[in-house]
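To start, the structure under review is shown below, and the notes come after it.
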Amino acid sequence: MTPISDWRVLVIEDEADSMEVVKELFEHHQVSCWAVGTAEEALAMIAEVQPNLFVVDLALPGMDGWGFLKTIKDDPNTAHIPAVAVTAYHSANVARQAIDAGFRAYFPKPLDTMSFVRELSRMLG
Amino acid sequence: MSGHKESDSLEGHFQASQIAFLRQMAHEMRSPLNSVIATTDMLLGGAYGEILPRQRIASERIMRNGERLLRLMDNAMTFIRASANGLLLKNTQINPVDLLQHCLDQQLAAASKTTLCTVIQRGPPSAVWGDPDYLGWIVTGLLSNALIASDQGETQLSLQADSGDRWIIVLTDPGVGMTPEEVSQVGEPFFRGRAFRRLHPRGCGLTAAAIKQVIRMMGGIIRWESTPDQGTTVTLNLPLVMPEYPG
Chain A
577 MTPISDWRVL VIEDEADSME VVKELFEHHQ VSCWAVGTAE EALAMIAEVQ PNLFVVDLAL
637 PGMDGWGFLK TIKDDPNTAH IPAVAVTAYH SANVARQAID AGFRAYFPKP LDTMSFVREL
697 SRMLG
Chain B
21 MSGHKESDSL EGHFQASQIA FLRQMAHEMR SPLNSVIATT DMLLGGAYGE ILPRQRIASE
81 RIMRNGERLL RLMDNAMTFI RASANGLLLK NTQINPVDLL QHCLDQQLAA ASKTTLCTVI
141 QRGPPSAVWG DPDYLGWIVT GLLSNALIAS DQGETQLSLQ ADSGDRWIIV LTDPGVGMTP
201 EEVSQVGEPF FRGRAFRRLH PRGCGLTAAA IKQVIRMMGG IIRWESTPDQ GTTVTLNLPL
261 VMPEYPG
């Protein structure tokens, strides 16, 4: 089990306020968190940050969240790192597609802050 | 004939473009609502330090209204999608007794009053096939309305097998009820009974309309019977196995 103090979360979210909300939520729980606005920036930061969790907005400029997931799953160095999807394009269909694609969990916006952290704790445990 | 087909095709195209428009609108609303609701949630949870009692009351008001906007948007999207047979429904095995009891427990926990509810089973089917999430959403929505409508007395939820391949959920509340004219309109978008509106001024009348469309997609029928000041009975008649391609 990974204690919450050892989490290293890389958040990819292009909407500034939503990015701040997720960062503040992790900071409130004393989780180390880095946040970037594009998938390309995230890919460039992986070696430096060494994350053990990705929080990925599905709708991103440039490479989207689906493309980011495929890229990290295709790379043996990152294939083992869990990624969870966050999206405002919420529907049962998108939720199912996200899990089928390989996201470990799916969270519609607005985030339920309590269940978001609880679910991540369960997942990383 | 070809004129009809062309007209149908144009109507279908118009409907599809409306759904795409609403889907985009829902996304554009969810993003700011994420910031409003999640930030307020953290504020109330103490993430930004201790807040004063008056600040708490104001924050709770922001939260309540953010959630209200979210519900309105979700109900509108469900109504539109189900009306166009475009709602994606799961088709999995469900224990109906467990599902209804779960909905009841959740509603009772959330209710501020202690109106007594019971689940009565009259030979219920041990398993049905359908979408547990949407079925739970339907029962929860109807129960919530029943509890709002009833200040006191017993709200009853019963389930039973119907002839052959169908099953029935019956929800009876001893609440404010509706006139015959109102009963004929319930389930239409934005319709709300006069007495109910007095008890619950914040609703907008989309929940029942969305529920009616989802039940239709499930191959079911919903019927309201009511008498002013005596209460309302809602009957859901559903197939034991939800159709894959409902008409």
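These protein sequences, in sequence, are chains A and B. For the first sequence, the working numbering gives the first residue as 577, with consecutive numbering after it. For the second sequence, the working numbering gives the first residue as 21, with consecutive numbering after it. We put the beta carbon where it would ideally sit given N, CA and C, even for glycine.
Within the segment 92-159 of chain B, the complete alpha helix (DSSP H) segments at least 4 residues long are 116-130, listed from N- to C-terminus. By the neighbour-count definition (other C-beta atoms within 10 Å, threshold 16), B:D61 is a buried residue.
Chain-ordered, the chain A residues with CB closer than 7 Å to the CB of B:N54 read S594, V597, A664, K685, P686, L687. Look at the segment 644-657 of chain A: it has no residue with a C-beta under 7 Å from a C-beta of chain B. DSSP places A:T689 within a helical segment (H, G or I) once states are collapsed to three. Straight through space, the alpha carbons of B:N85 and B:Q75 are spaced by roughly 15 Å. Here DSSP, grouped into helix, strand and coil, assigns B:I82 to helix.
Straight through space, the alpha carbons of B:N111 and B:V254 are spaced by roughly 24 Å.
For B:P73, the number of other beta carbons within 10 angstroms of its own is below 16, and it is reported as exposed. Looking at the backbone, the Cα of A:I657 and that of A:G701 are separated by about 13 Å. For B:L108, the neighbours in chain A by C-beta distance under 9 Å run, in chain order, S667, A668, N669, R672. Between the segment 47-65 of chain B and the segment 679-692 of chain A there are three or more C-beta pairs closer than 8 Å, enough to call the two in contact. Counting only runs of 3+ residues, the beta strand (DSSP E) found wholly inside the segment 642-671 of chain A occupies 659-663, in chain order.
Counting C-beta pairs closer than 8 Å gives fewer than three between the segment 37-49 of chain B and the segment 585-594 of chain A, which falls short of the contact rule. A:P652 is positioned such that its CB atom lies no closer than 8 Å to that of A:V585. Among the CB atoms of chain B, none fall inside 8 Å of the CB of A:L586. Counted as a single uninterrupted DSSP element, the stretch harbouring A:R680 is not any beta strand (DSSP E), since DSSP gives it neither H nor E.
Taking 8 Å as the upper bound for CB-CB distance, B:P248 and B:A215 are in contact here, some 7 Å apart.
About 7 Å separates the CB atoms of B:W187 and B:P116; that is less than 8 Å, so the two are in contact. Think of a sphere of 8 Å around the beta carbon of A:L601: the chain B residues whose beta carbon falls inside it are A58, M62, A67, in chain order. Taking C-beta atoms as the reference points, B:V159 and B:I189 count as a pair closer than 8 Å. Residue state for B:V196 is assigned as coil, using DSSP reduced to three classes. For A:F602, the three-state secondary structure derived from DSSP is helix. Residue contact with chain B for A:E695: absent (no Cβ-Cβ distance below 8 Å to any residue of chain B). The continuous stretches of alpha helix (DSSP H) do not include A:F630, which lies in the beta strand (DSSP E) extending over residues 629-633. Short of 7 Å from the beta carbon of A:A671, and not among the five residues preceding or following it, lie these beta carbons of its own chain, in chain order: Y682. Within chain B, the residues S51 have their CB atoms less than 7 Å from the CB of A:E591, given in chain order. Note that the segment 621-639 of chain A does not touch the segment 90-97 of chain B; fewer than 3 beta-carbon pairs, one per stretch, sit closer than 8 Å.
Closest by C-alpha distance to B:Q38, out of B:L177, B:V56, B:A104, is B:A104.
Contact of B:H220 with chain A is not assigned, every C-beta pair being separated by 8 Å or more. Residue environment analysis places B:I57 among the buried positions, since at least 16 neighbouring C-beta atoms fall within 10 angstroms of its C-beta.
Within the segment 211-250 of chain B, the complete beta strand (DSSP E) runs of at least 3 residues fall at 241-247.
Here DSSP, grouped into helix, strand and coil, assigns A:S608 to strand. Between A:W583 and A:V607, the CB-CB gap stays under 8 Å.
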